[in-house]
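A quick write-up on the structure given underneath.
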Amino acid sequence: MLQCKIVFCLLITNVILPPDYKIALLASHFQNESPKQSSTSQDLLSDPALDSQLDSLRERLAEVSRQSIELNRELQDLERKSTATNRCNELLAEVFQSYDKNSADSL
């Protein structure tokens, strides 16, 4: 019975419905269960080990997000430097080409 309720919850939360409608469906579904079933559902919803795992995953996700932001900044910085270096190389190539042309003309 509990597995059926979990599947029901997953189905409702994954279906594209307005949030208020989902809440109403869940509320009406859980109002119909007996007190024993309700306490089992509460135990399932307040599992300390699961809460700890979720907290750990949230912390890891936040850290990865911070690292991603930092790496994106570094990437943008490197792209700017690369663009500037390429532009300098193009200008130097033009200068050398002009110098070579002037040297050839003077001979």
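Just so we're aligned, residue 1 is where the sequence shown starts under our numbering, counting upward by one.
Glycine residues also receive a C-beta, built at the ideal position from the N, C-alpha and C atoms.
Fair warning: this is a prediction, and the values are worked out from it, not measured in the lab.
Nearest-angstrom Cα separation, counted from residue j out to residue i
| i | j | result |
| --- | --- | --- |
| S52 | T85 | 49 Å |
| A101 | R80 | According to the sequence shown, residue 101 is Lys rather than Ala. Those two C-alpha atoms are separated by around 32 Å. |
| S68 | A93 | 37 Å |
| L61 | E70 | 14 Å |
| N89 | S106 | 25 Å |
| Q76 | S65 | 17 Å |
| A49 | E74 | 37 Å |
| L57 | D47 | 15 Å |
| A104 | N72 | 47 Å |
| E59 | Q97 | 56 Å |
| E63 | L54 | 14 Å |
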